[in-house]
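Residue numbers (the numbering used here), protein chains in the order written: chain R, 37 to 373; chain D, 37 to 373.
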């Protein structure tokens, strides 16, 4: 573990992914990445009484499958780093409460997969944890109820709105991995608030944070976009991704087109699935990373991915109080060796 | 950094507190620890338009004063670890958003001071951060609105209810400290849920988690209560503390009376201030630790304190859905040398 530049942490080089899982529901199962998911529920209810319990079930499933794929039992795990979008993070806490694993609760909104992965990586790389899990989840129906309106209200979504994925992703990390998907570097983001107040345009609120994190990471590491097979943002969607490109070109003279993609643009078929500006929610980037991206890395189609998940740190109360929306973006540089 | 026993992390011995601050408002200023606070606002409004903005102001004040007491500028800080009770942790995020410090958002309910301190300690001790801040806040009025009823409703509080402190605490940590208040060990807690469903009796929901963390810590470190000047729980209050004693005596044959105290029992004058079962909220244990306890440590009256802050991981939604209340307790062993 060594700090390079101002903000970036260079890991020792052998902290790696020993198992992962991506779980989704109906819409994710109808999307273009369906074949790469570990498990897809046929509906959003998951046999539970409430949407919140459904989200916890989804989270539990992802963690359970990741453990299985890693060949580990819950007793083998030293720490779990998890969080989600719901008030007081009940998607995570109720999902994992029976697992008896020391727990660091995180809040990073839609950036949580990068936040939990970065935190877990630091713990594993420094020996603070031998084996650790990073996980997150989101659910369309629980998120709509909480951030906008209950589904029963029948509210119309604006063209800039993104659809919260009903999905979860979990990663099991361990030290001393000679090969496979390895965590090379991490960077924790800074809160960035350019004064956006439209809670139906999260992409715009988060794009400045993503631009800043990408720029700081490239500066710290003295690299350019050409050093990465993919710069993968989480959940900016179509609107936010366009803004990100613009911000990086006009302010930093950096054109990431060609190498950039966004989990919110990948998870659904924009036209066929009527998702407006794309997918969002912690589970979107978590499940895209743990399904499609990890698969492509394992197939050596991608050997260097800069994963930058973005979060909008608003609450329904802050929006009602006419506050602007602070954004944040955390980065994890993954390599395949 | 070395793991001892199953759950405890032994730090290198020179990660220490280089500055701290405790901030409160009117009730805290009328309480028995008032003289030890760094700053006390004359009312709960803090000159802000809303209770939530008042909480953010409180948080900002604590961090700003801790920086000042440490002789540091915000540019000197590599990471801030913060969280609070409000939905999506807006008490923290809006409080620190202009500081431009890499941010790990945490959710641990009332356990957040121990959680943030433990996380920051691991980062500083391993060199992942050179200098880091751990902070948290709570506000009586924003918490009542969110978890129970808006104050205007005039709801009556039950005898087991605790009063959320309008307070904040912040700690600045750095490596290579030869003396002073040092972080010796940390332990991240496990979610513990014995099926308590009364959201007006948080002490009862959190006591089992505290008992488990204390028991696991004593087992891991092969120590007894006599090895500590104080075992300081956060915010169990009078009801929860009694339950903690009972649980430890009947299940673990450990009597911590004599060495145990609780921040929720210390912050207010139970009779004169009409606080029912005591104080609570992240800001309660944070500000008691950063004021009275640190002062007594610096005066060498306490040289070994096991700080165990407890959190109830419920949400208003989970309570309405008749879920039980998962508890958690994180431990930080502080020594003065």
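Using N, Cα and C, we set each Cβ at its ideal position, and we do this for glycine too.
Which same chain residues end up closer than 6 Å to residue i when comparing Cβ atoms and leaving out the 5 residues on each side of it in sequence?
{"i": "residue 304 of chain R", "result": "67, 311, 315"}
{"i": "residue 231 of chain D", "result": "360"}
{"i": "residue 191 of chain R", "result": "185"}
{"i": "residue 77 of chain R", "result": "61"}
{"i": "residue 380 of chain R", "result": "Given that chain R is displayed from residue 37 to residue 373, the structure contains no residue 380 of chain R and the question cannot be resolved."}
Note down, in chain order, every chain D residue with its Cβ under 8 Å from the Cβ of residue i.
{"i": "residue 345 of chain R", "result": "Chain D residues near residue 345 of chain R: none, gap ~13 Å exceeds 8 Å."}
{"i": "residue 146 of chain R", "result": "None at all; the shortest Cβ gap to chain D is about 11 Å."}
{"i": "residue 159 of chain R", "result": "158"}
Can you pull the chain R neighbours of residue i, defined as C-beta to C-beta under 7 Å?
{"i": "residue 226 of chain D", "result": "136, 137, 138, 139"}
{"i": "residue 129 of chain D", "result": "227, 349, 362"}
{"i": "residue 43 of chain D", "result": "138"}
{"i": "residue 209 of chain D", "result": "By Cβ distance, chain R contributes nothing, its closest Cβ being about 15 Å from residue 209 of chain D, past 7 Å."}
Residues bridged to residue i by DSSP?
{"i": "residue 371 of chain R", "result": "R:218, R:340"}
{"i": "residue 39 of chain R", "result": "R:45"}
{"i": "residue 296 of chain R", "result": "R:267"}
{"i": "residue 210 of chain D", "result": "D:52, D:167"}
{"i": "residue 203 of chain R", "result": "R:60, R:174"}
{"i": "residue 120 of chain R", "result": "R:173"}
{"i": "residue 228 of chain D", "result": "D:363"}
{"i": "residue 238 of chain R", "result": "DSSP output for residue 238 of chain R lists no bridge partner at all."}
{"i": "residue 223 of chain D", "result": "D:44, D:367"}
{"i": "residue 101 of chain R", "result": "Note: residue 101 of chain R sits in no beta bridge, so no partner."}
{"i": "residue 75 of chain R", "result": "R:59"}
I want to verify the contact list: residues of chain R whose CB lies under 9 Å from the CB of residue i, in sequence order.
{"i": "residue 288 of chain D", "result": "None at all; the shortest Cβ gap to chain R is about 17 Å."}
{"i": "residue 88 of chain D", "result": "351, 353, 354, 357, 359"}
{"i": "residue 151 of chain D", "result": "140, 141"}
Would residue i count as contacting chain B if we go by Cβ distances under 8 Å?
{"i": "residue 357 of chain R", "result": "In the structure shown, chain B does not exist; the protein chains are R and D."}
Of the residues the options, which one's Cα is nearest the Cα of residue i?
{"i": "residue 297 of chain D", "options": "D:275, D:40, D:288, D:308", "result": "D:275"}
{"i": "residue 84 of chain R", "options": "R:221, R:209, R:280, R:127", "result": "R:127"}
{"i": "residue 142 of chain R", "options": "R:266, R:97, R:123, R:216", "result": "R:123"}
{"i": "residue 130 of chain D", "options": "R:226, R:331, R:246, R:342", "result": "R:226"}
{"i": "residue 148 of chain R", "options": "R:162, R:170, R:166, R:138", "result": "R:170"}
{"i": "residue 65 of chain R", "options": "R:334, R:350, R:302, R:330", "result": "R:302"}
{"i": "residue 345 of chain D", "options": "D:332, D:356, D:369, D:351", "result": "D:369"}
{"i": "residue 81 of chain R", "options": "R:89, R:75, R:294", "result": "R:89"}
{"i": "residue 214 of chain D", "options": "D:371, D:362, D:110, D:353", "result": "D:371"}
{"i": "residue 319 of chain D", "options": "D:93, D:38, D:53, D:48", "result": "D:93"}
{"i": "residue 135 of chain D", "options": "D:157, D:164, D:100, D:163", "result": "D:100"}
{"i": "residue 342 of chain D", "options": "D:253, D:284, D:205", "result": "D:253"}
{"i": "residue 111 of chain R", "options": "R:72, R:338, R:73, R:168", "result": "R:168"}
{"i": "residue 96 of chain R", "options": "R:109, R:173, R:53, R:46", "result": "R:173"}
Residue i versus chain D: which residues are under 9 Å apart at the beta carbon?
{"i": "residue 119 of chain R", "result": "141, 142, 143"}
{"i": "residue 37 of chain R", "result": "162, 163, 164"}
{"i": "residue 115 of chain R", "result": "224"}
Cβ closer than 7 Å: which chain D residues qualify as neighbours of residue i?
{"i": "residue 133 of chain R", "result": "227, 229, 362"}
{"i": "residue 125 of chain R", "result": "143"}
Give me, in chain order, the residues of the same chain whose beta-carbon lies closer than 8 Å to that of residue i; leave out the 5 immediate sequence neighbours on both sides.
{"i": "residue 256 of chain D", "result": "40, 41, 42, 43, 44, 223"}
{"i": "residue 240 of chain D", "result": "196, 232, 234, 275, 276, 279"}
Tell me which residues share the same chain as residue i and place their Cβ nearer than 7 Å to its Cβ, disregarding the 5 neighbours each side in the sequence.
{"i": "residue 144 of chain R", "result": "119, 151, 347, 364, 366"}
{"i": "residue 179 of chain R", "result": "121, 200, 317"}
{"i": "residue 125 of chain D", "result": "119, 141, 143"}
{"i": "residue 246 of chain R", "result": "269, 272, 280, 344, 346, 365"}
{"i": "residue 243 of chain R", "result": "272, 276, 279, 280, 283"}
{"i": "residue 114 of chain R", "result": "138, 165, 166, 167, 168"}
What does residue i reach in chain R if we use C-beta pairs closer than 8 Å?
{"i": "residue 32 of chain D", "result": "Absent from the model: residue 32 of chain D. The displayed extent of chain D is 37 to 373, so no value can be given."}
{"i": "residue 122 of chain D", "result": "351, 353"}
* Where are the beta strand (DSSP E) runs, 3 residues long or more, that stay fully inside the stretch 315-367 of chain D, in chain order? -> 340-348
* **Ordered list of alpha helix (DSSP H) runs contained in the stretch 109-157 of chain R, each at least 4 residues** => 126-132
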